[in-house]
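Keeping their order, the protein sequence lines are chains A and B.
Sequential numbering from 2 applies to the first sequence in our numbering.
Sequential numbering from 2 applies to the second sequence in our numbering.
Notes follow the structure.
Protein chains: 2
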Amino acid sequence: MKAAILSIGDELMLGQTADTNAIWLSGRLADVGVECVQRRTVSDDCAMQASAMRELADVADFVIVTGGLGPTDDDLTRAALQQAIGHGTGSLPPMLEDGVMLSRLERWFAERGRVMPAINRRQSLHPAGSEALPNEVGTAPGLRAKLGNATVVCLPGPPREMHPMYEQCVAPLLPVSPMKCGMVHAFGSGESSLAECLGDRMRRDRNPLVGTTASGSVVSARVRGRDQAASEAAIEKELSEIESLWKPFAFGRGSTTLAGSLGAALLQRKQTLAIAESCTGGLAGSLVTAESGSSTWFLGGLVTYANEVKRDMCDVPQTMLDQHGAVSEPVASALAQGVRKKLKADWAASITGIAGPTGGSDDKPVGTVWIGVCGPQFEAVRRFRFPGDRATVRDRAAKTAIALLRMAITDPSNRVSLLWEWPVDG
Amino acid sequence: MKAAILSIGDELMLGQTADTNAIWLSGRLADVGVECVQRRTVSDDCAMQASAMRELADVADFVIVTGGLGPTDDDLTRAALQQAIGHGTGSLPPMLEDGVMLSRLERWFAERGRVMPAINRRQSLHPAGSEALPNEVGTAPGLRAKLGNATVVCLPGPPREMHPMYEQCVAPLLPVSPMKCGMVHAFGSGESSLAECLGDRMRRDRNPLVGTTASGSVVSARVRGRDQAASEAAIEKELSEIESLWKPFAFGRGSTTLAGSLGAALLQRKQTLAIAESCTGGLAGSLVTAESGSSTWFLGGLVTYANEVKRDMCDVPQTMLDQHGAVSEPVASALAQGVRKKLKADWAASITGIAGPTGGSDDKPVGTVWIGVCGPQFEAVRRFRFPGDRATVRDRAAKTAIALLRMAITDPSNRVSLLWEWPVDG
């Protein structure tokens with residue numbers, strides 16, 4: 002079965018509102034193994050809506066439309082469905098008033114101590130050839146009709162009305178054959194290098210199908226069964242093979258985040274962490290504490306943005322700052338050792354660099370970041386040169402510190418080799 | 002001129018990634034008065050991409066495609082454009098290698114001390130009948146071709162590559178009838194309340210047209226001339242009237258951020274800032290240091306996640322922690338005073354709360370956050386109760402601390418009244 006999603010509204014087309022309905026519906030369809038072949042967004046324009054409904058009914062078995070069912074003049078989904086049903090017949094089907102829907106509407110207002118505005122009466126209309134679907138949460142009933150061989154269901158735009166109506170009116174009409182799928186995430190190498198490691202696995206005729214995406218420098222492999230021939234075990238085998246191919250960059254599966262993988266490693270060892278940040282100004286701490294339960298293993302940190310704070314709060318000698326500058330190997334080392342000692346943590350990291358756009362020099366260009374990691378019987382300090390703008394350099398620096406910590410903690414063999422072989426551009 | 006947007010990627014169709022590119026492009030097109038007639042999203046499927054390109058070229062003069070230009074097997078935009086160009090001719094145009102693009106690619110890797118993986122060579126290919134567009138930021142060149150009367154431009158998916166390529170390769174091709182527009186931003190009150198303040202200004206037949214949007218709890222009013230009749234002066238008048246109506250929540254215009262508005266206030270007064278964060282774990286510091294030049298006014302901070310760190314690093318008495326708990330008025334006050342004194346800052350803020358999902362109680366439910374602000378001859382500590390999940394509570398808490406600082410610094414009259422009248426739910 003193939004589905005398509007049509008989102009309606011000027012506010013979407015003007016870029017003023019994110020189309021969270023389409024994302025939500027896509028996820029729900031993927032969960033039950035229904036392939037979504039197209040998503041489309043059009044303005045509050047009756048003719049465009051009608052032709053979109055017809056075109057999507059040609060390529061999908063199931064078309065889900067959201068928005069345009071309100072009571073105002075720019076709510077045109079009822080009229081568009083009427084046009085789409087009538088298309089090619091030379092006439093428009095009549096609009097019918099649904100008595101049950103009308104009394105529901107009147108009751109909805111009465112329960113709130115209000116008389117129904119005249120304008121809302123049109124919400125009880127539906128074109129002949131379609132049926133109205135009850136809305137338990139708001140005023141706008143949905144609509145359902147056949148266009149050719151496809152079923153078209155129109156749902157109201159507000160998510161808190163759309164979600165329950167989907168569960169009640171759409172979900173039961175879909176086949177339940179959950180698509181088997183899984184994800185492996187990696188950080189520390191580029192998408193093209195990691196994809197190259199996968200070789201033939203990414204061929205488009207394979208089952209399961211493997212694809213990669215990159216978001217915020219995290220590269221993910223998606224493994225997805227094309228049909229029932231792809232067994233649970235085949236997906237699992239693929240995922241674990243990708244994890245080995247992506248060593249040591251692979252850090253987790255599914256909803257695991259980079260910081261979550263570090264937290265799990267610390268939790269397992271009952272160890273704690275502290276961070277000293279200069280150019281990232283708290284970003285690494287923020288990523289770490291975004292994880293619920295991080296208070297078990299994260300003690301806190303120092304945001305040593307000014308040199309005086311590095312000296313007074315983290316015991317970095319003034320002579321060292323004068324001689325080497327704040328962005329240097331000895332200062333990164335002193336920050337990591339300092340915050341570890343002050344906060345009595347098992348592990349610590351430090352980040353000091355030049356995020357730009359100003360502050361770079363020939364010697365230390367923008368993007369130069371020193372990262373220190375230390376723990377029981379271990380210390381490493383590495384220089385990186387991250388490409389990109391201020392936000393990207395900071396993001397990469399914070400995530401690299403977290404990834405280096407995870408690698409050093411989980412695998413002692415990483416401590417000698419890997420920290421030194423990690424690519425300089427992260 | 003009519004435009005259409007085509008977004009490509011399995012990760013979008015599976016609902017795993019929000020299509021921020023389409024939203025961004027929609028906004029940019031609206032800014033210059035180009036009507037976007039359709040947005041469409043399809044999977045990494047060559048035939049579907051090709052037919053989408055052709056169908057959109059039938060309804061629009063300009064088609065902007067994003068995604069699918071990477072080096073891997075599931076990047077099919079080059080092949081889809083080849084199919085779309087060849088459609089109806091009975092043959093596919095050959096793929097040509099662009100020598101300039103190839104040497105750019107090789108240089109890109111060389112500059113990062115790496116050899117170009119073989120897989121990336123295909124990024125220098127483009128179908129005959131199209132031309133390659135240089136990418137200054139990443140490896141994926143764009144593509145441009147004519148399909149019928151329409152111009153199709155294909156841009157890479159990562160926003161930090163797509164945005165500059167749009168400015169460089171697409172914006173100059175659009176008609177130059179820049180609609181006059183401007184934005185006012187506010188934080189601290191909800192979108193519906195702020196919209197209500199604007200009253201009739203939001204009527205759809207007005208010129209200039211006023212609309213509101215909310216993103217990350219920042220509410221923005223967009224003022225846009227419908228045509229040349231809306232003068233520069235009329236837009237300016239509208240913007241400054243909205244700023245007064247939105248007092249004291251309005252913090253800036255255009256590209257000004259909340260942290261940037263705080264930085265400007267400190268810079269003007271040659272004053273400095275320090276922050277102590279518990280539940281936000283560095284997020285406020287990260288927002289503040291996202292501003293280039295923040296080192297002039299931001300000294301640093303303490304991430305006092307564990308109670309021991311509050312005590313040892315920020316001089317919060319153990320008896321106070323035992324008696325009132327970490328999420329309390331006296332601890333918020335001690336943290337703000339402590340970090341101000343330790344870092345020798347003019348101004349300081351503290352944040353201590355329960356971000357959830359666990360850790361709440363009847364007395365201190367999830368979302369309870371104490372925020373302290375102190376400066377020369379000034380101190381205020383306030384309790385908030387932020388709605389939403391962990392990420393939302395943390396985001397609102399960090400931004401509220403920044404907004405309270407700005408208000409206290411910029412207007413002494415706020416210091417008595419506003420800090421106490423600010424809505425408890427932020």
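By construction, the Cβ of each residue, glycine as well, lies at the ideal position given by its N, Cα and C atoms.
All values reported here derive from a predicted model rather than from experimental measurement.
Bridge pairing for F188 of chain A: A:V219 [DSSP]. In terms of beta-carbon proximity, S293 of chain A lines the interface with chain B, with at least one pair separated by less than 7 Å. One Cα belongs to R227 of chain B, the other to Q378 of chain B, and the distance between them is close to 49 Å. When Cβ-Cβ separations below 7 Å define contact, G200 of chain A makes no contact with chain B. In its chain, beyond the 5 residues on either side, S218, V219, F250, F252, L259, K400 and A404 have a beta carbon closer than 7 Å to the beta carbon of F188 of chain A.
In this structure, D75 of chain A places its C-beta atom within 7 Å of the C-beta atom of D45 of chain A. Ranked by Cα distance from A335 of chain B, the first of B:G283, B:Q269 and B:D313 is B:D313.
N136 of chain A has its alpha-carbon roughly 9 Å from the corresponding atom of M102 of chain A. The beta-carbon of Y306 of chain A is placed less than 7 Å from the nearest beta-carbon of chain B. For W348 of chain A, the uninterrupted beta strand (DSSP E) run begins and ends at W348 to G354, by DSSP.
In this structure the segment 302-319 of chain B touches the segment 264-280 of chain B; the number of beta carbon pairs closer than 8 Å is three or more. When secondary structure is reduced to three states using DSSP, E292 of chain A falls in the coil class, being assigned neither helix nor strand. Listed in chain order, the positions of the segment 327-360 of chain A with a beta carbon within less than 9 Å of a beta carbon of chain B are K343, L344, K345, A356, G357, P358, T359 and G360. Distance check between K271 of chain A and each of A:E168, A:D364, A:D347 and A:A327 places A:D347 closest, using alpha-carbon atoms only. Within the segment 16-69 of chain B, the runs of alpha helix (DSSP H) at least 4 residues long that lie entirely inside it are, in chain order, 21-32 and 47-60.
The C-beta separation of S329 of chain B from W371 of chain B comes to about 6 Å, placing the pair in contact by the 8 Å criterion. Residues of chain B whose Cβ lies closer than 9 Å to the Cβ of E192 of chain A are, in chain order, G71, P72 and T73. Taking a C-beta distance under 7 Å as the contact criterion, A151 of chain A and A61 of chain A qualify as a contact pair.
Secondary structure note for H325 of chain B: it is in no beta strand (DSSP E), and the uninterrupted alpha helix (DSSP H) holding it is Q319 to H325.
Secondary structure at S131 of chain A: strand, using DSSP grouped into helix, strand and coil.
Around C155 of chain A, the same chain offers V66, L70, T78, L82, G143 and L144 as residues with beta carbons nearer than 7 Å, after the five sequence neighbours per side are excluded.
Interface annotation, A404 of chain A: not in contact with chain B, CB-CB separation never under 7 Å.
Distance from the CA atom of T73 of chain B to the CA atom of G191 of chain A, rounded to whole angstroms, is 12 Å.
Interface flag for V138 of chain A against chain B is unset, since no Cβ pair is found closer than 7 Å. Distance from the CA of M203 of chain B to the CA of C47 of chain B, rounded to the nearest whole angstrom, comes to 43 Å.
Between the alpha carbons of E168 of chain A and A398 of chain B lies a distance of about 34 Å. Nearest CB-CB separation between A19 of chain B and chain A: below the 7 Å threshold. DSSP places V211 of chain A in the strand class (E or B) of the three-state scheme. Minimum Cα-Cα distance from S245 of chain B among the listed residues B:G282, B:L199 and B:G301 corresponds to B:L199. When 8 Å is used as the limit between beta carbons, P118 of chain B is near these residues of chain A: S193, S194 and E197, in chain order. Partner residues in the beta bridge of S8 of chain B, as assigned by DSSP, are B:T42 and B:T67. Closer than 7 Å to the CB of S256 of chain A there is not a single CB belonging to chain B. Inter-segment contact for the segment 104-114 of chain B and the segment 50-58 of chain B is absent: fewer than three beta-carbon pairs are separated by less than 8 Å. For T411 of chain A, the closest of A:L322, A:Q324, A:G326 and A:A266 by C-alpha to C-alpha distance is A:A266.
Neighbours of F299 of chain B in chain A, taken as residues whose beta carbon is under 9 Å from its own, are G282, V304, Y306 and A307 in chain order. Of all alpha-carbon atoms in B:S221, B:G183 and B:A235, the one lying nearest the alpha-carbon of N208 of chain B is that of B:A235.
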